[in-house]
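Remarks on the structure that follows.
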Amino acid sequence: MKLINKHVEKDGSGYVTLRPEDDEDMWHVYNLIAEGDLVRALAVRRVQTVSNTGSSDSYRVRVNLTLSVTKTTFSPAASSSTTAQGEKKEPTASLQISGRVVNENEFVRLGAFHTLDLEPNRDFRLEKAHGWDSVALERVEEAVKEGRGAEIGAIVCGEGTAAICLLSEHMTTIRQRIEVSVPRKRKGGTSGHDKAMENFYSAVYQAVLRLIPYQTLKAIVIASPGFTRESLYDYIFQQATLTSNKPLLASRSKWIKVHSNTPHVHSLVEAMRAPEVAKMLQGAKFAREGVGLDKFHKMLANDELRAWYGPEHVALAVERGAVGTLLISDDLFRSSDPVTRNKYVDMVEAVRARGGESLIFSSMHESGQQLNLLTGIAAILTYPLDVEMVEQEEREEKERLAREQGEIEKENADGEGDNNDDHGNQGNA
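Counting from -10, one number per residue, gives the positions in the sequence shown under our numbering.
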């Protein structure tokens, strides 16, 4: 993403002008734009004219429109933006912004509904309806960071099935799914099984050549149950040797074989937390997310009083300054209710202000999708707290405050009554 212009005041007012360049940029834009925001971009409108003779004609005009957003629609794409040789392809994700026109011109009336197609390599300006908060500004900073892009390739496989994936800071893209029917081994003859597996390995190898930019990635992970990963790894480098594929052979040190419980994409979370993978990806955002989610699950199993999840419970823990690590999905920041969004922004800022860690998970990664199954928010506490006891204390505190308020109101009412009696006595006198 390119930052074309930025004018944001300390109070959060102002705008930024951005130019998305790839699929991940489009995902960032989708997360930045909320209902009520003002988006200005180039649009194409069909204009009809009627001549004096009654004949009509139509033509297209390009106009800059500013919309007050009512709806956003993001359509991710499975195809990638990079070839095995590192050449960029056209992005394929799409983002549509619908809303009312707030700046009138000769072609579009004020208040008319319109839909903008935000496209890669086209500038747009964004003004936040309720101001730029810290989470939105942080996402802009991440999006425009130099050198961002796919960091790791992954092949999650089993006998006859494989998913070829690319992982970047905020997205897991499934480049291709491969399925080959593999018959079971039979006593006295394995030719059918072996031939099918040979076809399977060949299909995966060809996909690697087409879809995995192994020269630029930090690591390529092969994950599987059983020994499929070992056989596939051997096949890939046997073929690379036979064909003298020097770039692929040179990347051999980046390839990591790890165990996974299933041959499905959701096992990527398990694969990413393998020590040998974590070591190569130190500092990568999605690696930190995977480690954080793993720590939460372990804490939930071993010391549940230090593992809380759910908006209300986590909010209580944040209020008490007990959160060491906050895990929160970017889904929650897309709330159309500004009060709800601000609540989550305040939680992120409160944890960081006390020296804790706030991890904002991308729902386009497997780890983010797993967190969404836990309501989208969880916390690892620095000390144990019993949820039921905390809730009881909260109820007692609310009852105490209600009693005090009632006593104050009663005293005020009694005082007004005494004053009225005094005025009445003075009048009689």
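All C-beta atoms, glycine included, are put in the ideal place defined by N, C-alpha and C.
Fair warning: this is a prediction, and the values are worked out from it, not measured in the lab.
Let me know the secondary structure DSSP gives residue i once reduced to three states.
i	result
residue 69	With a pLDDT of only 39 at residue 69, under 50, the local geometry of the prediction cannot be trusted, and no value is derived from it.
residue 250	coil
residue 329	helix
residue 183	helix
residue 293	helix
residue -6	strand
residue 4	strand
residue 47	strand
residue 341	helix
residue 204	coil
residue 195	helix
residue 58	strand
residue 148	coil
residue 212	strand
residue 64	strand
residue 311	coil
residue 33	strand
residue 41	coil
residue 270	coil
residue 318	strand
residue 262	coil
residue 169	coil
residue 298	strand
residue -1	coil
Flag this pair as yes or no: are the beta carbons of residue i and residue j separated by less than 8 angstroms?
i	j	result
residue 367	residue 285	yes
residue 327	residue 119	yes
residue 356	residue 278	yes
residue 142	residue 170	no
residue 265	residue 280	no
residue 337	residue 347	yes
residue 190	residue 240	no
residue 334	residue 0	no
residue 324	residue 350	no
residue 254	residue 152	yes
residue 194	residue 224	yes
residue 217	residue 146	yes
residue 245	residue 210	yes
residue 267	residue 249	no
residue 44	residue 37	no
residue 84	residue 160	no
residue 33	residue 49	yes
residue 282	residue 258	yes
residue 198	residue 165	no
residue 273	residue 130	no
residue 91	residue 57	yes
residue 312	residue 345	yes
So residue i packs on residue j, CB below 8 angstroms; how close in whole Å?
i	j	result
residue 59	residue 28	Between residue 28 and residue 59 the Cβ distance is about 11 angstroms, and since that is not below 8 angstroms, they are no contact.
residue 306	residue 374	6 angstroms
residue 13	residue -9	So it is not a contact: roughly 13 angstroms between Cβ atoms.
residue -6	residue 52	About 20 angstroms; that fails the 8 angstroms criterion.
residue 243	residue 207	7 angstroms
residue 369	residue 314	4 angstroms
residue 111	residue 31	6 angstroms
residue 124	residue 322	6 angstroms
residue 172	residue 185	6 angstroms
residue 341	residue 310	Incorrect: roughly 12 angstroms between the Cβ atoms, too far for contact.
Fill in: At least three beta-carbon pairs within less than 8 angstroms, the segment 100 to 119 to the segment 15 to 31
yes
Item to complete: Run through the segment 75 to 145 for me and flag every whole beta strand (DSSP E) of 3 or more residues, listed as ranges in chain order.
Response: For the segment 75 to 145, whole beta strand (DSSP E) runs of length 3 or above, ordered along the chain, are 83 to 90, 102 to 107 and 113 to 116.
Practice prompt. Write down every uninterrupted run of the beta strand (DSSP E) in the segment 345 to 405 whose length is 3 residues or greater and which is fully enclosed by it, in chain order.
Written response: 346 to 350 and 366 to 370
Worksheet item: Should the segment 178 to 187 be called in touch with the segment 292 to 299, which here means at least 3 C-beta pairs below 8 angstroms?
Response: no
Item to complete: Could you name each continuous beta strand (DSSP E) segment of 3 residues or more that falls completely within the segment 216 to 243, going from the start of the chain to the end?
Response: none
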